[in-house]
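Enquirer: This is the structure I have questions about; it appears just below.
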Amino acid sequence: MNLHQLNTEARAGHVDELNLIAIEGGDYLLEARIKGHAHPLSDPRGERLRVHSVEDTRKLLQTIPMVSMNLVHWSVQDEMCGMGTHPEEDLKVPISQRSAW
């Protein structure tokens, strides 16, 4: 899904939420959730859209209608040695799509 498609879906009220997913290296990936399905956002070249900060994301989404947005950090439990079995729980924190400044 590209930004134009996201805009169209958001204006139609189809976007349940946007997730800003933290990845290694300090970057983030964006995905839209529509009817329970994840739709990763892509750049103009068709590659996964990467952003460098929450503020970069807000600037990128200025023209998109307001929808629920979350900052997501995947569970690190499975990467830790000797932790045993724990239910995998991602950290999902609601954030504002518009800057708080």
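Whatever position you read off the sequence shown (first residue = 1), add 12 for my numbering.
Glycine is no exception: its CB is placed at the ideal position from the N, C-alpha and C atoms.
No experiment lies behind these values; they were computed from the predicted model shown.
#1: Is it right to say residue 105 is buried, meaning 16 or more other beta carbons lie within 10 angstroms of its own, or is it exposed?
#2: Can you check whether the CB of residue 82 is closer than 8 Å to the CB of residue 29?
#3: For residue 63, which of 45, 50, 38 and 47 has the nearest alpha-carbon?
#4: Let's see if you can read the secondary structure: which residues bound the beta strand (DSSP E) around residue 79?
#5: May I ask you to report which of helix, strand or coil DSSP gives residue 50?
#6: Please look up how many angstroms separate the CB atoms of residue 107 and residue 18, rounded, as I've assumed it's under 8 Å.
#7: Is residue 16 helix, strand or coil when you go by DSSP?
#8: Straight-line CA distance for residue 60 to residue 52?
#9: Is residue 41 helix, strand or coil when you go by DSSP?
Expert: Taking the definition as stated:
#1: A residue is called buried once 16 or more other Cβ atoms fall within 10 Å of its Cβ, and residue 105, having fewer, is exposed.
#2: Closer than 8 Å, so yes.
#3: The shortest C-alpha separation from residue 63 is found at 38.
#4: Segment: none, residue 79 is in no beta strand (DSSP E) and carries neither H nor E.
#5: If DSSP states are grouped into helix, strand and coil, residue 50 belongs with the strands.
#6: About 17 Å; that fails the 8 Å criterion.
#7: The three-state reading of DSSP puts residue 16 in helix, counting H, G and I together.
#8: Taking the straight line from one Cα to the other gives about 7 Å.
#9: Strand at residue 41.
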